[in-house]
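Notes follow once the structure below has been shown.
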Amino acid sequence: MTYRSVDDAVLRRLEALLGADAVFFDEDSLDLYSRDETTEVSGRPEAVVKPEDTQGVSDVMRLADELVIPVTARSGGTGVTGGAVASVGGIVLSFERMSRIVEVDTDNLMAVVQPGVITGDLARATAAEGLMYPPDPASIDSCCIGGNVSESAGGPSAVKYGTTKDYVTGLLVVFADGSVSRLGGKVVKNATGYNLIGLMIGSEGTLGLFTEITVRLIPMPAFTMDLLVPFEDLFAAARAASDIIRARVVPATIEFIQKEATTMAERFLKKKVPFADAGAQLLIRLDGDNRSDVERQMERLWDAASAHGAMDVITADSTATSDRLWEARRCIREAIVAESEAKEGEDVVVPRREIPSFVSRAKELLDGLGVSSIFFGHIGDGNVHVEIIKGDMDTDEWRRALPKAREGLYRLAAGMGGLLTGEHGVGSIRREYLPLSLDPAQVAVMRRIKAALDPKNILNPKKIFPETE
Ligand SMILES: Cc1cc2nc3c(=O)[nH]c(=O)nc-3n(C[C@H](O)[C@H](O)[C@H](O)COP(=O)(O)OP(=O)(O)OC[C@H]3O[C@@H](n4cnc5c(N)ncnc54)[C@H](O)[C@@H]3O)c2cc1C
Numbered sequence: 401m402t403y404r405s406v407d408d409a410v411l412r413r414l415e416a417l418l419g420a421d422a423v424f425f426d427e428d429s430l431d432l433y434s435r436d437e438t439t440e441v442s443g444r445p446e447a448v449v450k451p452e453d454t455q456g457v458s459d460v461m462r463l464a465d466e467l468v469i470p471v472t473a474r475s476g477g478t479g480v481t482g483g484a485v486a487s488v489g490g491i492v493l494s495f496e497r498m499s500r501i502v503e504v505d506t507d508n509l510m511a512v513v514q515p516g517v518i519t520g521d522l523a524r525a526t527a528a529e530g531l532m533y534p535p536d537p538a539s540i541d542s543c544c545i546g547g548n549v550s551e552s553a554g555g556p557s558a559v560k561y562g563t564t565k566d567y568v569t570g571l572l573v574v575f576a577d578g579s580v581s582r583l584g585g586k587v588v589k590n591a592t593g594y595n596l597i598g599l600m601i602g603s604e605g606t607l608g609l610f611t612e613i614t615v616r617l618i619p620m621p622a623f624t625m626d627l628l629v630p631f632e633d634l635f636a637a638a639r640a641a642s643d644i645i646r647a648r649v650v651p652a653t654i655e656f657i658q659k660e661a662t663t664m665a666e667r668f669l670k671k672k673v674p675f676a677d678a679g680a681q682l683l684i685r686l687d688g689d690n691r692s693d694v695e696r697q698m699e700r701l702w703d704a705a706s707a708h709g710a711m712d713v714i715t716a717d718s719t720a721t722s723d724r725l726w727e728a729r730r731c732i733r734e735a736i737v738a739e740s741e742a743k744e745g746e747d748v749v750v751p752r753r754e755i756p757s758f759v760s761r762a763k764e765l766l767d768g769l770g771v772s773s774i775f776f777g778h779i780g781d782g783n784v785h786v787e788i789i790k791g792d793m794d795t796d797e798w799r800r801a802l803p804k805a806r807e808g809l810y811r812l813a814a815g816m817g818g819l820l821t822g823e824h825g826v827g828s829i830r831r832e833y834l835p836l837s838l839d840p841a842q843v844a845v846m847r848r849i850k851a852a853l854d855p856k857n858i859l860n861p862k863k864i865f866p867e868t869e
């Protein structure tokens, strides 16, 4: 596909549509919008636009469609697979000026938001009404709902409450040709035609742009308790996590943290964190109707954990004590970035029963390739996060080892009935590996859907699909 470049004439037309103060093409702006949170991926747009409403987004898409100019959507810019990076130049369309919580509807238990709303702001606004918007990516105070829907983001609470896809009931979508359609709404059920909302969720900016999002809310649990449980090693913690689920206890979260990650967190925070000497820890949140309900869950959980050598436990039922338990987990990514010039975060997902086996075989694989790795994250839902770290490895060696490490992890997950990503998406960095998770027929169907909705391939090109198959 040959795209038209964003020359002066195009810039003037964009300014006429949105106003000069919504169109940016100075060097600093183009630099600023050429990256997201993916290390080693960048792509410089030729213009950045910041529309304020659906009409503005539609106008930009009509122009892009007419002139065949690629458009890459961006909300919070916290993606870790290069999704918001303009891989082939063109226009970055930022939703930062569409950041209003339109409504928290306490009668229907729904919220209506613009895509640029920070996820944590929505969670706080609903909590003030005694309601919960459960999806809680660790980036909750910097990522936005638009990006969450586009990546089908998850978070620690996915174990019990699911991910973004389980909460979206309505979308206002601008398609590639600028046409606008309202899908679903404030309805709990919807069997009306194809599930286009489901198709849009996780489409990574390649099928349409969301300008308003309706999400379902649930009552806030009355009582929560956090537990930090140390284990001798990573494998014991993984087996305990798997058995907790088998014992029919479904905590709101089960996160695990390997010792090396705790040590890095200590260096980053410049202070001691609890159980830093343990080989691994599980960080668990239980919630329920009242204290005795939660304590009953805790007893069953403890039986499963102690069978795998749980050594101790710290509990927290107030925000202040709970923050202390979560502090290390929350800063791991930043701690790794502070110590290594390069790293890649993988988020393969496997059936939960396979977690212990995946963890031990993945560690063996990465050790065999001579790359450092740290395991942490959302173990309770099988979405094991593996950080592959360059550290002081020679750069050429790192470049050779990384694709092998990735491919090995994806093949390992696939062999266990898993997939290459549970929440971060495919983006640009994983697209060549897509056929390791999806069979040719599925990829072909997806390509046909893409061609039907975006025949000129202007929405976020060079994402999801492999260049060659
Ligand atoms: C420290 C850290 C922790 C993280 N933890 C988690 C975690 O626990 N769980 C998790 O799932 N992810 C996590 N992430 C990854 C990231 O935060 C998520 O992928 C998040 O959903 C991205 O949201 P965003 O608003 O930043 O999207 P962006 O990065 O701006 O965009 C992501 C994708 O969405 C598209 N897009 C953006 N807005 C729209 C729109 N309005 N319409 C259509 N497409 C759009 C973009 O084109 C791009 O493809 C983490 C990232 C960091 C840096």
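First residue of the sequence shown: 401, per the numbering used here; consecutive thereafter.
In this text, a Cβ means the ideal position worked out from N, Cα and C, and glycines have one as well.
Here the structure is a predicted model, which is why all the values come from computation and not from measurement.
Buried/exposed call for residue i, threshold 16 Cβ in 10 Å
i: Y561; result: buried
i: N860; result: buried
i: V457; result: buried
i: V615; result: buried
i: V559; result: buried
i: A665; result: buried
i: A538; result: buried
i: E764; result: exposed
i: A591; result: exposed
i: T402; result: exposed
i: T519; result: buried
i: G827; result: buried
Rounded separation between residue i and residue j - CA only
i: L682; j: R799; result: 33 angstroms
i: G768; j: L634; result: 18 angstroms
i: V471; j: I491; result: 5 angstroms
i: G479; j: E695; result: 37 angstroms
i: A852; j: H785; result: 34 angstroms
i: D796; j: E744; result: 15 angstroms
i: A738; j: E452; result: 36 angstroms
i: R730; j: E437; result: 16 angstroms
i: A728; j: H778; result: 14 angstroms
i: A680; j: R761; result: 17 angstroms
i: S722; j: K671; result: 17 angstroms
i: A511; j: G547; result: 17 angstroms
i: G419; j: A447; result: 14 angstroms
i: G825; j: I545; result: 15 angstroms
i: G780; j: A704; result: 14 angstroms
i: N783; j: L467; result: 41 angstroms
i: V513; j: L572; result: 10 angstroms
i: F675; j: R753; result: 26 angstroms
i: R404; j: I601; result: 29 angstroms
i: S475; j: G554; result: 16 angstroms
Reduced DSSP category for residue i - H, G, I as helix; E, B as strand; rest coil
i: R830; result: coil
i: G777; result: strand
i: V587; result: coil
i: P534; result: coil
i: P855; result: coil
i: N783; result: strand
i: V492; result: strand
i: L835; result: At residue 835 the sequence reads Pro, which differs from the Leu that was named. P835: helix per DSSP, three-state reduction.
i: I788; result: strand
i: F610; result: strand
i: G808; result: helix
i: C543; result: coil
i: E503; result: strand
i: G598; result: helix
i: G456; result: helix
i: R729; result: helix
i: V843; result: helix
i: S579; result: coil
Neighbourhood of residue i by C-beta distance below 7 angstroms, restricted to the same chain and skipping five residues each side
i: R830; result: T481, L820 and T821
i: P756; result: F635, A638, R639 and S642
i: R700; result: A647 and V649
i: V406; result: E446, A447, I469, G490 and I491
Below-8 angstroms beta-carbon distance, residue i vs any chain C residue
i: I654; result: Absence of chain C from the displayed structure is noted, only one protein chain being present.
Proximal residues to residue i (C-beta, below 8 angstroms), its chain only, five neighbours per side dropped
i: F776; result: E655, F656, I657, Q658, A661, R729, I732, H785 and E787
i: R462; result: D577 and G578
i: W726; result: D626 and L683
i: D413; result: Looking at the sequence shown, residue 413 is not Asp but Arg. The answer, listed in chain order, is L463.
Cut-off 6 angstroms between Cβ atoms - residues of its own chain near residue i, not counting five sequence neighbours on either side
i: L509; result: L617
i: D459; result: L417
i: E415; result: V423
Legend entry - Cβ contact (3+ pairs, closer than 8 angstroms) linking the region 825-838 and the region 856-869: yes
Legend entry - Any 3 or more C-beta pairs closer than 8 angstroms across the region 489-499 and the region 614-630: no
Inset, instruction - May I ask you to verify whether the region 565-583 touches the region 839-846, counting CB pairs closer than 8 angstroms and requiring at least 3? - result: no
Legend entry - Segment contact flag, the region 807-824 with the region 684-691, C-beta cutoff 8 angstroms, min 3 pairs: no
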